[in-house]
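According to the numbering used here, the sequence shown is numbered sequentially starting from 82. No residue lacks a Cβ here, since even glycine has one placed at the ideal position from N, Cα and C.
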Amino acid sequence: MKENTLKIFMFLLLTISFTSCHSQNKIKNLVGIEVSTDSINTFLKSRMDSLNIPGLSIAVINDSKVVYHKTFGFANVEKKLPITNKTIFEAASISKSVFAFFVMQFVEDGKLDLDKPLYEYLPYQDIANDERYKKITARMVLSHRSGFPNWRENEDDKKLKIKFDPGTAYEYSGEGYQYLAMVLKEIENTDWNGLEALFQEKVAKPLKMEHTVFIPTSYTEKNKAEPYNNQGEWIDLKNDYWYKKDKGKFVAPSSMQTEPIDFSKWMIGLMNNKILSEESYSELLKHHSKISTSSTGISVYYALGFLTADKVYSNTFFHGGNNAGFTCSYLMETEKKWGYILFTNSEYGEKLGDEVWSYFEKENE
């Protein structure tokens, strides 16, 4: 009896140690004010309920370390399966930031020139009817200045087109990112699985990202949260158009699957200038495309794979993502080495991400 009691006590002790290893009583927010974990938990639970978000997982970074990691809600509402530390989410458009980081390694290896027309590496038959495509470079693609639409499926005729002379304006484009992924595949003379293996070798493994992939694995599929729409209804993803179209492909702008602890390792690596050279970081993070200017005079820009801004936000880099039933958001302040990453299995995760940013900028608890 005593032996069983001791075993139960040791199990509970280990469980408590594991679940609290990334959580402190006080966490510093973006402006250096201490915030209690109870306050963060209450805020997130309240907003999650208001926005009808089934489940979420979040990590907060202070001084290059994860100091808070929490999961809420359900990965599968119907079966009442909770979100856990193992739950995998679709990263949607924040895939672009990690892909751009990956691309810079090709630049450093001398395999890719940011300003060399991509057609010189790989002619693109889908747009060969428009000679302007021969102006498109990797820099234009990564900063959304290619002239391509986001996705051809959004166009009336469902065809890929160039909407303005490449390099002359900004328009968000997943198509451009995917063309660049095709170019990388051609450079390496490989297939999509080969490009995935190279991503694992050059990014995931060095940063110890154990379960971050662009092409799903049996592990990520087994542990992935179920997706839900705006009404909280389950989405039959396997019968979704995009799921069928992209299955088995390395979709650079949107197919990454991961979870907060894994993704935070990439954020921390970037904060600490890991893997890439100083020159590469300079190219990656500098302003390339001006998007807008707010009433306060702060301008928002697109770098290479990142959103950023000027003035007080000159060291702040962020992005959101939205796939069917999965939305997410991250922000990092590289000088302060502060950040957060939020994943949800809901259509409202980007909105919550904006609210989390505002919450962490408050001047008081």
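Rank the options by C-alpha distance to the C-alpha of residue i and give the top, closest one.
i      : options                           : result
PRO308 : PRO135, ASN122 and THR118         : PRO135
PHE183 : LYS216, THR165, GLY257 and LEU265 : LEU265
PHE245 : SER227, GLU267 and LYS286         : SER227
ILE372 : TYR383, PRO334 and GLY313         : TYR383
LEU276 : TRP315, THR301, ASN320 and VAL332 : VAL332
ILE217 : LEU279, GLU115, PRO198 and PHE295 : PRO198
LEU25  : LYS418, THR425 and PHE124         : One cannot answer for residue 25 here, as it falls past the ends of the chain, which runs 82 to 446.
LEU195 : LYS109, GLU171, VAL222 and THR415 : VAL222
LYS283 : VAL294, ASN310, GLN186 and TYR362 : GLN186
SER335 : GLY386, SER363, GLY350 and SER376 : GLY386
ASN143 : LYS107, ASP119 and ASN133         : LYS107
SER375 : GLU360, LEU366, ASP391 and HIS369 : ASP391
ALA250 : PHE229, PHE124 and GLU234         : PHE229
GLY313 : ASN445, GLU159, SER127 and TRP232 : GLU159
So who's on the other strand from residue i, going by DSSP bridges?
i      : result
GLU414 : THR397 and TRP419
PRO198 : THR218
ALA405 : DSSP lists no partner for ALA405.
HIS150 : ALA140
PHE387 : Answer is none; PHE387 lacks a bridge partner.
TYR382 : LYS371 and THR389
GLU115 : LYS109
LEU273 : The sequence given here has Trp at residue 273, not Leu. According to DSSP, TRP273 bridges with nothing at all.
GLN338 : GLU171 and VAL294
THR425 : LEU137 and THR408
TRP315 : TYR309
Start and end of the alpha helix (DSSP H) containing residue i?
i      : result
LYS305 : Element bounds for LYS305: n/a, residue is neither H nor E.
LYS346 : 341 to 352
VAL437 : 430 to 440
TYR322 : 322 to 327
GLU360 : 359 to 366
With 7 Å set as the bound, which would you pick, yes or no: does the beta-carbon of residue i sit closer than that to a beta-carbon of chain B?
i      : result
SER120 : Note that chain B does not occur in the displayed structure, where there is just one protein chain.
Roughly how far, in whole angstroms, is the beta-carbon of residue i from the beta-carbon of residue j, given that I think they are within contact range, below 8 Å?
i      : j      : result
PHE441 : TYR411 : Not really, about 12 Å apart at Cβ, beyond 8 Å.
ASP207 : LEU261 : The Cβ separation is near 14 Å, so there is no contact.
LEU193 : GLU267 : That pair is no contact at about 11 Å.
LYS167 : ASN311 : Incorrect: roughly 27 Å between the Cβ atoms, too far for contact.
Go to residue i, then tell me how far its beta strand (DSSP E) extends in each direction, as first and last residue.
i      : result
LYS109 : 107 to 109
SER224 : First-last for SER224: undefined, no H or E at that position.
Counting only runs that start and end within the region 153 to 197, where is the alpha helix (DSSP H) found for 4 or more residues in a row?
176 to 189
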